[in-house]
Structure formats: structure tokens, C-alpha cells
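Residue numbers (the working numbering), protein chains in the order written: chain G, 1 to 243; chain X, 1001 to 1243.
Beta carbons are placed, not taken as given, at the ideal position from N, Cα and C, and that holds for glycine.
Given the structure is predicted, the values throughout are model-derived calculations rather than measurements.
There are 2 protein chains.
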Amino acid sequence: MTSSVRLPSRTNQVLSRHGIVAEVTALLDAGGEEALTVRALAERLSTGSGAIYYRVGPRSELLNAATETVVEDVLARPGRGVSPSQRIRDLALGLFDAVDEHPWLATQLVNQLTRRPWGAVTMGIFETIGSAVRSMGIPRPRWFDATATLVHFILGALSQNARTEPESSDPGAGPDRGEFLSSVSIAWRALDPDQFPFLHEIADDAAEHDDRQQFVRGISTILRGIEVASDAPTEQEQGASDA
Amino acid sequence: MTSSVRLPSRTNQVLSRHGIVAEVTALLDAGGEEALTVRALAERLSTGSGAIYYRVGPRSELLNAATETVVEDVLARPGRGVSPSQRIRDLALGLFDAVDEHPWLATQLVNQLTRRPWGAVTMGIFETIGSAVRSMGIPRPRWFDATATLVHFILGALSQNARTEPESSDPGAGPDRGEFLSSVSIAWRALDPDQFPFLHEIADDAAEHDDRQQFVRGISTILRGIEVASDAPTEQEQGASDA
DNA sequence: ACCTGAACACCGTTCAAGT
DNA sequence: ACCTGAACACCGTTCAAGT
């Protein structure tokens, strides 16, 4: 009678966490962070807002989950056999391209790195870069600084290159990166050369430069600085003009 | 009779833009970005919300104005006579300390740098660092890259060091940076050494390091990388493993 | 000119109620 | 267990109305 065979138990579940997160990503990709509202998400999933809280959690958790999914995909890429500096470049470029595809990711990456040191994203990025730094033959007391420097640069560069649409104002600056840069270039060239000599002179470079290439060169510059430092030990590089 | 002497014109103005922005900063300092609501601001100024829109603009403009005020104060500091690299360090540290005092500033700085290239903040920072880079004797084609690398690093480091309170979870992590770092250290040390060898080994450094010193050393590392590159011209540092 | 504050169109989140 | 969706406590912004 009560032979309870543990039937598939007539599951009422019709919503999966995975499916929700996929929809979150779609919403973010289409309209940026502001487009992610619990209501919009619920509607696209043909459900009530409560179901989302039940399956995933509050809005912040939706963002975390989407971020983790994207970043873990980047972190999972092989990277075996390549040199330490190449491994760093590969991860950095992987993240760069991920932000290119998902502009909302830059801000979320910063959030995770600063507020969730226990999270898979923070730990994965630090571990990958850190272990590569260690393999570079740098003296151990410098490992942490070198890793932090690389992570900070990557974070800043991703933030700046994330193609968030600029504040609508001035000339019709579309969400197109090329147009954007060329309008910046024009604005800078028009500056008073006495007040902004550098920007005025560099205006052309802003229009013509390639973000991705500049990013790679930045990584190279930092790696060079790290390697060179291994030879010249403790020079006096204290706290600048501290007053 | 109608000798209209242009009296002080019985001004009804009781609210100044300056006073509003000062109150915005106070609100942000006390409770972070989420504490800045138009309603809270209006109440502290004993006025209606409409008055704020009349004097300054929408909420985003309140944030911009507060950011500009703080950053322009940092940019205005002398910097005459000091060496180019010292000028860069001074500005970077000035921004670092400003973020320390105003944690909300980090995010706003990123916003301005990425979305308001015409703004005083973006232009001031790029001009100051760029002209210092130019004075360092670097070949002209490298000016833009070098400047961008420095700005990106500064941006990333400020973001990461901004003492935003972490997501409340896990051990009682207060808004105190020291406690925060030491709890991170404990968590990292507890990690499986097989899965996270680097983090496990570096755990102590995380607890003991000084953010500000690490920041300065990061700047030095990058400056070194930039200077060294001037000797070794166009090596092949293209696009990593582009597939 | 300058300010008021109610009204509008949204939010995220909760939770009794249903199945 | 899983989901619904009304209700609650907020938002930013606008704008007729006042002085």
C-alpha cells in the first residue's frame, strides 16, 4: 500500500535557476543594467516576481549569477602549456572580449572584486593571475603587489572600455564606439592649446587608436615593469610628497 | 519717479547651487550613493524637490557636480617644479586619498571617465598625467598608450580600494578596512591548497599589506615599464593567442 | 525668478493565498 | 514544494500653482 516508490513526485517546478539567469543575461545584453527589472524579467519568463525570489534571490543576486556565469566561462579556458605571461594576456583578453560582448559586465566585475572576495569570480581571477606571476620567477615578496597591479589595471581598462552609452548631449553620439571616439577627438582638438596642450595635441590618436591593442600593450608595459623590478631591489619608492 | 536704480531686486533666491552640492557631498559621505535621494536632500535643505531640479538638475547631475568639486580640488594642487613622475604620483595619491575620504567617488570617477570625455574631470586628469608623460622623454607615439595605461591602473585601484561595505554575509565584516582584509585573509587561508594554491599561500600578505603603499608601488612599476620601453622599440607584442 | 509639493509612473521586495 | 500577484514602501521627475 504505502509502497512509496518515490515517483518523480509530480514536480511542479517549471522554472530553473539556469533558465532565469540566461534570461537575465539576455535582458542585460539588450538594454544594460537599467533594463534588468524584476518585473520585466518575470514577464519574459511568464511568471510572477515572487518566483524569481524563490529560485534565485533578490536583484543583486541576479546580477551576481549572470556575472559568475560569464566570467567562469572565461576562466575555464585551457591555458595549459602557455607561458605565464601569455596566460595573463589570455585571461585579460578573454575578460576584455567578454566585456565587449556584455558591456554591463565591467561594472559587475568591479562590484564582485571589491565586495565579494569570497566569490568564485574574485578568487578565480586572483588565483589565475597570481599563479602565473609566481611562475614568472619574481621574488616571493613581490607576488602580491604584482598581482594586484595587474588586476587593478585590467579592472580599470575594462571599465573604461565598456561601451556604455554616453550621456546624451552634444553631438549625436550613438552607442557606436568609433563614432564616440571620433567625436571625442573633435572635441579635444577644439580645445584651447594653452589650457589643454596635451589633449589638443593627442586628439588624433584618440580617434585612431584601437582599444584592444592599447589594452594588450598596457599589459605588456606592466609585465615589463614587474620583470625589471626583480633586478633593482628596494629603491626608495615610498609615499611621494606626503607633506 | 521711475528712476529704477536697480535695487538688489528683492531676490527670492534662498538656495544656491553651491550649498546644494555641499549638502549632496555630506549625504554621500554619510551613507554612500544610495543615501542620496532627492527627497532626503530636499528635506535637509528644507525645501521642495522641485527646487533642486531648478538649481542643479536631476540626480545624475547632483552626482556629477559633487564629483567635479572634489576632483577639481585635487587637480588644483600646485605640482610646479616637481619631476614628471612625481607629478603623476602626487595626482594619483591625491585621488587615492580623496576616495579614501569619499568612498562614493570611485564609482563616480569611473562614470565620468567613461561617459563624459568632455567633462572637466576627464580632461583634467588626462591633461595632467599626459603632459607629465610627455615631459618624461618618451617617444611621441607612445604618449597616448602610456597615459591610458596609467589612468586605467589608477581607476582600477581606486575602485578596488574604495571602502564600500561588503555584502553583509559570512563573518561580521564591518566597514572597517582592517577587519575586512583580515577576514579575507582567513577565508583564503582556509581554501583548499590544491584548488587555490596561490591564494592559500598569499593569505597572510592580504591581511598585512597597506593599500596606499601597494598603490604607490603599482604606479612605480608602471612608470618603470614605460621608461624601459623607450629603449626597446617595436618588439612583437601583438594580439596574444588570437586563434 | 524662484520655490512648493501633490501627482505620476515607475521601482524592489514581501507574503498570504493558492496548487 | 512551488508559484501567483496584490500590497507596501519606496524611488526620480514633472508641473500647475503660488510668491
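Item                                                                                                                           : Value
Three-state secondary structure (DSSP) of residue 202 (chain G)                                                                : helix
Contact residues within the region 1055 to 1081 of chain X, judged by C-beta distance below 8 Å to chain G                     : 1060
Residues near residue 90 (chain G) by beta carbon distance below 8 Å, same chain, minus five either side                       : 77, 79, 82
Proximal residues to residue 16 (chain G) (C-beta, below 6 Å), its chain only, five neighbours per side dropped                : none
Listed by chain order, chain X residues near residue 154 (chain G) by CB distance under 8 Å                                    : 1156
Length of the line joining the Cα atoms of residue 20 (chain G) and residue 102 (chain G)                                      : 17 Å
Boundaries of the alpha helix (DSSP H) in which residue 1224 (chain X) is found, first to last residue                         : 1211 to 1229
Contact with chain G by residue 1202 (chain X), beta-carbon distance below 8 Å                                                 : yes
Endpoints, alpha helix (DSSP H) assigned at residue 29 (chain G)                                                               : 17 to 31
Integer Cβ distance of residue 225 (chain G) from residue 1222 (chain X), believed to fall under 8 Å                           : 6 Å
Proximity winner among X:1054, X:1062, X:1013, relative to residue 1036 (chain X) (alpha-carbon distances)                     : X:1062
Any alpha helix (DSSP H) of 4 or more consecutive residues that is wholly inside the region 111 to 143 of chain G              : 120 to 134
Helix, strand or coil at residue 182 (chain G) according to DSSP, with G and I counted as helix                                : helix
Residue 1014 (chain X) classed as buried or exposed, judged by whether at least 16 other C-beta atoms fall within 10 angstroms : exposed
Where residue 1123 (chain X) meets chain G, residues with beta-carbon distance less than 7 Å                                   : 196, 199
Contact list for residue 127 (chain G) against chain X, beta-carbon separation under 7 Å                                       : 1196, 1198, 1199
Expected contact under 8 Å - CB spacing of residue 23 (chain G) and residue 39 (chain G) to nearest Å                          : The Cβ separation is near 13 Å, so there is no contact.
Whole-Å CB distance - residue 1109 (chain X) paired with residue 1150 (chain X), under 8 Å assumed                             : In fact, because the Cβ distance is near 14 Å, the residues do not count as touching under 8 Å.
Continuous alpha helix (DSSP H) stretch holding residue 1096 (chain X): start and end                                          : 1084 to 1101
CA nearest to the CA of residue 28 (chain G), picked from G:117, G:153, G:66                                                   : G:66
Boundaries (first-last residue) of the alpha helix (DSSP H) holding residue 1049 (chain X)                                     : 1049 to 1055
Nearest to residue 1030 (chain X) (by Cα), restricted to the options X:1152, X:1165, X:1179, X:1185                            : X:1165
Beta-carbon proximity check, residue 95 (chain G) vs residue 216 (chain G), cutoff 8 Å                                         : no
Whole-angstrom distance between residue 1097 (chain X) and residue 1213 (chain X), CA atom to CA atom                          : 12 Å
Buried or exposed by the 16-neighbour rule on C-beta atoms within 10 Å, applied to residue 112 (chain G)                       : buried
Cross-chain neighbours of residue 205 (chain G) in chain X, by beta carbon under 9 Å                                           : 1141, 1143, 1144, 1145
Within 8 Å, strictly: CB atoms of residue 1154 (chain X) and residue 156 (chain G)                                             : yes
Where residue 190 (chain G) sits in the DSSP three-state scheme                                                                : coil
Cutoff 8 Å: residue 45 (chain G) Cβ touching any chain X Cβ                                                                    : no
Sequence-distant residues of its chain with Cβ nearer than 6 Å to residue 1234 (chain X) (five each side left out)             : Residue placement at residue 1234 (chain X) is flagged as unreliable, the pLDDT there being 48, under the threshold of 50; a coordinate-derived value is accordingly withheld.
Range of the contiguous alpha helix (DSSP H) that encloses residue 1014 (chain X)                                              : Neither: residue 1014 (chain X) is in no alpha helix (DSSP H) and is coded neither H nor E.
Cα-Cα separation between residue 46 (chain G) and residue 99 (chain G), rounded to whole angstroms                             : 29 Å
Contacts that residue 209 (chain G) makes with chain X (C-beta to C-beta distance below 9 Å)                                   : 1144, 1145, 1148
Chain G contacts from the region 1101 to 1113 of chain X (Cβ-Cβ distance under 9 Å)                                            : 1106, 1107, 1110, 1111, 1113
Check whether residue 1115 (chain X) and residue 33 (chain G) have beta carbons under 8 Å apart                                : no
Cβ pair residue 1207 (chain X), residue 1191 (chain X) closer than 8 Å                                                         : no
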